[in-house]
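FYI, this note's numbering numbers position 176 of the sequence shown as 1285, with every residue one higher than the one before it. Backbone N, C-alpha and C fix where the C-beta goes; we use that ideal spot for every residue, glycine too. Here's the structure, in C-alpha cells; my notes come after.
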Amino acid sequence: MPRKICFLNYKGGVGKTSMIVNIASCLSQMGHKVLLVDLDTQSNASIWLMRLDRWNKLNINGEGSVYSIFEPAEQTLSDILVKDVVTSKTGENLLPGFDILPTTFNLVDIENEYKNDPAEPPYLRFFRQLREIENNYDYILFDCPPNILRASQCGVFSSNEIYIPANPDALSLIGFTLLVEKLLLFHQRSASFREPGMGKPAVCRGIIFNSIKANVDIEVPKMRMQLRLNQFRNQKRVAPSAKIFETQIRDAMVVRRAVTLGLPVCLVGQVAKEEDSVATDYRKVATELERHQDIV
Ligand SMILES: Nc1ncnc2c1ncn2[C@@H]1O[C@H](COP(=O)(O)OP(=O)(O)O)[C@@H](O)[C@H]1O
Ligand SMILES: [Mg+2]
C-alpha cells in the first residue's frame, strides 16, 4: 500500500505547490514510484509539470482532468493519468515513474455546479477510483487548495497523512489552527463512508517551514508553532509523532524560475548540483519524510 499524503494549509501562497512538486521529484529521484494528484483548480502543479501547451489542450477540451470523473463522468482516474510527466523540451523522459493526475480550471465546478449524491459524495467516488490505481505507487501526494471544500476533501478522505507547509508568520499559525478544527469536522461527517483497509483518517504529522530568508531568525514563530502543535498533540488532534521538520526550505529565486522552465528544482542545471542550495533542502525534506514513516 502506498503512503498517501496531503499537503494542506488554510493559508494560500505558503508554498504548498512548490513543495509538493519538488518533494515528489526528489522522491522519484530516490527510486520511488510517485503519483502527484492536482486537486487545486488553479492547476499550478499541472501547468508547471505538463507545461502550458500540453496542459492547455486538456483545459480547452474539458477532458482528461480530475473533474472528468464527475462531469460528464465518462472517464475514470485511470483514463486521465499522465504517465512520466516530467520531460525535457524535446520530450525526453526525465523522471520515469513520476505520474500526475492533472486538473484544469473546470474543477471549480465541483464546489457548486456539481450535484451532490448523498449516497456517493465526491470524495467517495474519487477514493473508489483511486483505489484501482494506487498500488502502482509508493507515494501518492495530493496538492490541495487552501480550504477543505469538496476538491480538498477528495485528497483528505483518500490520504492517511497531512503535512503543512508554513511560513514563519502569524497567518500561517492561524491557518494551521483553522485547518485542524475543520479537519475534525470533516472526519466526523465522512466517518460512515470509511471502508475496511483504508487506514486511519488523515491528521497532521508534520509542519515544514518554507521561504526562509537568509539571516532572518525564525526562532520565535517556530516556538509559537511548536507550542500550538504540543497543545494539539495533547488533545489528540494531530498524530502523536507530529513534528516541525528539522529541514526548512530557504527562499530562492530558482523556485520561481523552475516554474517557467517546466522543471522541478532538482533538474535545474547548476543549482541541482550545488551542495548548499534550495535543491538540497528539498532533498533533505524528502528524506525526512521518507524516514517519518513507521513512527506512529
Ligand atoms: N522557497 C521558495 N523560495 C522562493 N519562492 C518561493 C518558494 N516557495 C514558493 N515560492 C513562490 O511563492 C509563490 C507561492 O508558492 P506556491 O507554491 O504557489 O504556494 P501555494 O501552493 O501554497 O499557494 C510562488 O510564486 C512560488 O514560486
Ligand atoms: Mg498551490
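Q. Where R1093 and V1394 are concerned, what is the direct C-alpha to C-alpha distance, given to the nearest angstrom?
A. A query on residue 1093 cannot be resolved here, the shown segment of the chain reaching from 1110 to 1405 and no further.
**Q.** Three-state secondary structure (DSSP) of D1188
**A.** One-based indexing of the sequence shown puts residue 1188 at position 79. In the structure shown, D1188 sits in a helix (DSSP, three-state: H, G or I).
Q.
Below 8 Å, is the gap between the Cβ of L1153 and the nearest heavy atom of ligand 2?
A. Against the sequence shown, residue 1153 aligns to sequence position 44. Reading off the sequence shown, one finds Asn at residue 1153, where the question assumed Leu. Indeed, a heavy atom of ligand 2 lies less than 8 Å from the Cβ.
Q.
ligand 1 and G1173: does any heavy atom of the ligand fall closer than 8 Å to the residue's C-beta?
A. Numbered from its first residue, the sequence shown carries residue 1173 at position 64. Distances taken from the Cβ of G1173 to the heavy atoms of ligand 1 include none shorter than 8 Å.
Q) Any contact of the stretch 1115–1130 with the stretch 1151–1169, i.e. 3+ C-beta pairs under 8 Å? A) yes
(Q) Checking the sheet assignment: what are the DSSP bridge partners for E1229? (A) Locating residue 1229 in the sequence shown gives position 120, counting from the first residue. DSSP lists D1226 as partners of E1229.
Q.
I believe N1269 touches A1311 by the beta-carbon criterion, under 8 Å. Please report the beta-carbon distance rounded to the nearest angstrom.
A. On the sequence shown, position 160 is the one that residue 1269 refers to. On the sequence shown, position 202 is the one that residue 1311 refers to. N1269 to A1311, Cβ: 5 Å. Contact.
Q) With burial defined as no fewer than 16 other Cβ atoms inside 10 Å of the residue's Cβ, what is the status of V1325: buried or exposed? A) Counted from its first residue, the sequence shown places residue 1325 at position 216. Around the C-beta of V1325, fewer than 16 other C-beta atoms lie within 10 Å, and the residue is accordingly described as exposed.
(Q) In whole angstroms, give me the CA-to-CA distance for I1327 and Q1357. (A) In the sequence shown, residue 1327 corresponds to position 218, counting from 1. In the sequence shown, residue 1357 corresponds to position 248, counting from 1. Rounded to whole angstroms, I1327 to Q1357 spans 10 Å at the Cα level.
(Q) Suppose the cutoff is 6 Å on Cβ atoms and the five residues either side in sequence are ignored; what does the same chain contact list for M1139 look like? (A) Here residue 1139 refers to the residue found at position 30 of the sequence shown. If the five residues before and after M1139 are omitted, its C-beta is found closer than 6 Å to no C-beta atom of its own chain.
Q) From this set, N1225, L1158, Q1238 and L1203, which residue's C-alpha is nearest D1188's C-alpha? A) As a position in the sequence shown, residue 1188 is number 79, starting the count at 1. When each option's Cα is compared against that of D1188, the closest is Q1238.
Q: For the alpha helix (DSSP H) containing E1399, list its first residue and its last residue.
A: Indexing the sequence shown from 1 puts residue 1399 at position 290. Per DSSP, E1399 belongs to the alpha helix (DSSP H) from V1387 to R1400.
Q | A1351 classed as buried or exposed, judged by whether at least 16 other C-beta atoms fall within 10 angstroms | A | Against the sequence shown, residue 1351 aligns to sequence position 242. For A1351, the number of other beta carbons within 10 angstroms of its own is at least 16, and it is reported as buried.
(Q) Pull the bridge partners of K1352 from the DSSP assignment, please. (A) Indexing the sequence shown from 1 puts residue 1352 at position 243. Beta-bridge pairing links K1352 to G1315.
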